[in-house]
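Engineer: Each residue of the sequence shown is one higher than the one before, counting from 17 in the working numbering.
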Amino acid sequence: MQKRDIKNIILNELQEEVKKLGEKKYRANQLFNLLYKKGIEEFRDMLTLPISFRDLLQKKFYISKIELVNLTKSKDQTEKYLLKLEDGNLIESVLIISGKRVTECISSQVGCRYNCLFCESGKKGFTRDLTVGEILNQVLFVKEKKKSNPNNIVFMGIGEPLDNYDNVVKAIYILNSKDAFDIGARKITISTCGIIPAIERLQEHNWQIELSVSLHAPENKLRSYLMPVNNLYPLTDLIVACKNYTVNTDRQITFEYILIKGVNDSLDYADKLAKLIRGFNSKVNLITFNPTSDSLLQAPGSPHIQSFKDKLITKGIPTTIRISKGEDISAACGQLKNLHLK
Ligand code: SAH
17 MQKRDIKNII LNELQEEVKK LGEKKYRANQ LFNLLYKKGI EEFRDMLTLP ISFRDLLQKK
77 FYISKIELVN LTKSKDQTEK YLLKLEDGNL IESVLIISGK RVTECISSQV GCRYNCLFCE
137 SGKKGFTRDL TVGEILNQVL FVKEKKKSNP NNIVFMGIGE PLDNYDNVVK AIYILNSKDA
197 FDIGARKITI STCGIIPAIE RLQEHNWQIE LSVSLHAPEN KLRSYLMPVN NLYPLTDLIV
257 ACKNYTVNTD RQITFEYILI KGVNDSLDYA DKLAKLIRGF NSKVNLITFN PTSDSLLQAP
317 GSPHIQSFKD KLITKGIPTT IRISKGEDIS AACGQLKNLH LK
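#1: With a cut-off of 8 angstroms, do at least 3 Cβ pairs link the region 190-205 to the region 25-33?
#2: Please return the same chain residues whose Cβ sits closer than 8 angstroms to the Cβ of lysine 91, not counting the five positions on each side in sequence.
#3: Just checking my contact of tyrosine 97 with phenylalanine 157 at CB under 8 angstroms: how many whole Å lie between their CB atoms?
#4: Tyrosine 130 lies in the alpha helix (DSSP H); which residues open and close that run?
#5: Tell me which residues share the same chain as lysine 358 and place their Cβ nearer than 8 angstroms to its Cβ, disregarding the 5 neighbours each side in the sequence.
#6: Residue range of the alpha helix (DSSP H) that lysine 291 falls in?
#7: Rounded to whole angstroms, what's the CA-CA distance from aspartate 145 to arginine 129? Just pull it up for me.
#8: Quick one: residues with CB closer than 5 angstroms to any heavy atom of the ligand SAH, in chain order, please.
#9: So, under 8 angstroms CB-CB, glutamine 219 and threonine 265 are touching, yes? Tell me the CB distance rounded to an integer number of Å.
#10: For asparagine 45, I'd like the list of residues in its chain whose CB is within less than 6 angstroms of its CB, leaving aside the five on either flank, ordered along the chain.
#11: List the endpoints of the continuous alpha helix (DSSP H) containing valine 245.
#12: Could you give the uninterrupted runs of the alpha helix (DSSP H) lying entirely in the region 306-351, keeping only those of 4 residues or more?
#13: For isoleucine 67 and glutamine 93, which I take to be in contact (beta-carbon distance under 8 angstroms), what is that distance rounded to the nearest angstrom?
#14: So asparagine 280 and leucine 238 are supposed to be a Cβ contact under 8 angstroms. How far apart are they, rounded?
#15: Could you tell me whether the region 164-176 touches the region 108-125, using the rule of 3 or more Cβ pairs below 8 angstroms?
#16: Could you give the residue range of the beta strand (DSSP E) that holds cysteine 121?
#17: Roughly how many whole angstroms lie between the Cα atoms of leucine 275 and glycine 200?
#18: Have a look at the DSSP bridge pairing and note the partners of valine 359.
#19: Classify glycine 278: buried if its beta carbon has 16 or more other beta carbons within 10 angstroms, exposed otherwise.
#20: Identify, in the order they occur along the chain, each residue of the same chain with its Cβ nearer than 6 angstroms to the Cβ of tyrosine 52, setting aside the five sequence neighbours on each side.
#21: Do valine 155 and threonine 143 have their C-beta atoms within less than 9 angstroms of each other?
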């Protein structure tokens with residue numbers, strides 16, 4: 017029988033598992049503490065557990081690991097990690113420190129199915145979903161090996177988190193758990209290209225996570241050109257789903273809008289965007305396009321970005337401009353690649 021990675025198991029399920037092994041429920045909390053707070057990587061090193069229990073755990077489960085292949089450090093202290101999974105696949109994570117705010121941008125898949133025109137992650141197609149353990153190991157790596165304690169997690173690395181719904185949701189439960197990472201739901205952001213059924217499902221959880229939706233165009237035709245996923249989940253339906261989400265959850269949605277010179281950055285588009293999202297609890301986060309290696313696309317200049325923002329604000333849409341970090345090490349938005357071992 018193949019052993020199961022213990023990091024794929026959320027707390028209440030682990031409580032059942034330890035009961036099956038003849039132990040009390042609280043042992044699961046203790047295990048969470050040892051795995052995620054103490055970062056212990058072998059059952060035999062869990063000295064606060066009875067030896068017989070350690071042996072039983074060892075027979076049934078294993079503890080997955082992640083390995084650093086390459087670290088790049090930016091002038092602004094942003095760090096990018098190339099990490100190897102146990103099957104040799106590679107993913108990337110980014111650590112961004114800004115005062116007390118320690119944000120880790122994590123991946124949810126190896127590759128991506130959606131192949132947005134401007135994004136590096138989908139260029140080589142989709143390989144597979146990350147497991148819960150692999151998602152968590154990115155954060156554990158930073159805690160244990162970098163001695164940094166992320167207090168903000170953004171699912172903005174490689175992959176589409178809502179395409180790996182079950183594992184991302186379980187990972188969030190564990191990130192959120194007091195016995196594990198204890199990161200508040202409000203400090204965890206899912207960013208999606210707009211998978212409508214999953215946006216609807218998310219409402220069932222009744223939690224306080226942040227939802228960002230990558231919009232990038234206020235019109236169907238342009239959005240389909242930039243983001244082929246729009247053919248599957250068209251803009252008008254997406255906006256309805258977002259509106260419902262804000263009403264049902266009483267939470268705000270952030271619309272991400274990359275500004276690409278001459279493509280989606282005219283002030284006319286700002287007008288259309290304002291009309292499209294007016295009247296519900298949302299805001300816009302403008303992102304300057306980060307040029308990718310082989311892309312013909314360009315970023316507009318900052319005065320133009322400011323004018324786009326001003327236009328939205330005049331129309332009553334709360335708007336911010338995202339400050340880009342780690343550009344010199346290709347760690348900025350959308351620059352994370354799906355790398356394969358040769
Ligand atoms: N699949 C998810 C999360 C990953 S991308 C999503 O689509 O939201 C995280 C954010 O980076 C998204 O808003 C995405 O559109 C943006 N992004 C991708 N490529 C970019 C680029 N070259 N420049 C700036 N932002 C980019």
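All C-beta atoms, glycine included, are put in the ideal place defined by N, C-alpha and C. Here the structure is a predicted model, which is why all the values come from computation and not from measurement.
Structural biologist: Checking against the coordinates, here is how it stands:
#1: yes
#2: Start at 1 with the first residue of the sequence shown, and residue 91 comes out as number 75. Within the same chain, lysine 91 has close Cβ partners Asp344.
#3: Working through the sequence shown from its first residue, we reach residue 97 at position 81. Working through the sequence shown from its first residue, we reach residue 157 at position 141. Indeed, because the Cβ distance is near 7 angstroms, the residues count as touching under 8 angstroms.
#4: Here residue 130 refers to the residue found at position 114 when the sequence shown is read from its first residue. No alpha helix (DSSP H) holds tyrosine 130; DSSP gives it neither H nor E.
#5: To locate residue 358, count along the sequence shown from 1; it is residue 342. For lysine 358, the pLDDT reaches just 44, beneath the cut-off of 50, and the residue's location in the model is therefore unreliable, leaving the point undetermined.
#6: One-based indexing of the sequence shown puts residue 291 at position 275. Element bounds for lysine 291: 283-293.
#7: One-based indexing of the sequence shown puts residue 145 at position 129. One-based indexing of the sequence shown puts residue 129 at position 113. Approximately 10 angstroms, taken between the alpha carbons.
#8: Phe134, Cys135, Met172, Glu176, Ser207, Cys209, Ser230, Glu272, Ile274, Ile303, Phe305, Asn306, Cys349, Gly350
#9: Taking the sequence shown and counting its residues from 1, the one referred to as residue 219 is at position 203. Taking the sequence shown and counting its residues from 1, the one referred to as residue 265 is at position 249. Their Cβ separation, rounded to whole angstroms, is 6 angstroms, which keeps glutamine 219 and threonine 265 in contact under 8 angstroms.
#10: Position 29 of the sequence shown, counted from the start, is the residue given in the question as residue 45. Excluding sequence neighbours, asparagine 45 sits near Asp195.
#11: As a first step, residue 245 must be located in the sequence shown, where it is residue number 229. Note, valine 245: alpha helix (DSSP H), 245-248.
#12: 318-330
#13: Along the sequence shown, read from residue 1 onward, the residue named residue 67 stands at position 51. Along the sequence shown, read from residue 1 onward, the residue named residue 93 stands at position 77. With 8 angstroms as the limit, isoleucine 67 and glutamine 93 do not qualify as a contact, their Cβ atoms being about 44 angstroms apart.
#14: As a first step, residue 280 is located in the sequence shown; it is residue number 264 there, counting from the start. As a first step, residue 238 is located in the sequence shown; it is residue number 222 there, counting from the start. Rounded, the Cβ-Cβ distance is 6 angstroms, consistent with contact.
#15: Segments in contact, yes.
#16: Translated into positions along the sequence shown, residue 121 becomes position 105. Taken as a continuous stretch (DSSP letters only), the beta strand (DSSP E) holding cysteine 121 covers 117-121.
#17: As a working mapping, residue 275 is identified with position 259 in the sequence shown. As a working mapping, residue 200 is identified with position 184 in the sequence shown. Cα to Cα, leucine 275 sits roughly 31 angstroms from glycine 200.
#18: Absent from the structure is residue 359, since the part of the chain shown begins at 17 and ends at 358.
#19: Taking the first residue of the sequence shown as position 1, residue 278 is located at position 262. Its Cβ having fewer than 16 others within 10 Å, glycine 278 is exposed.
#20: Start at 1 with the first residue of the sequence shown, and residue 52 comes out as number 36. Hits under 6 angstroms: Ala196, Phe197.
#21: Translated into the one-based positions of the sequence shown, residue 155 becomes position 139. Translated into the one-based positions of the sequence shown, residue 143 becomes position 127. No, these two residues do not count as a Cβ contact at 9 angstroms.
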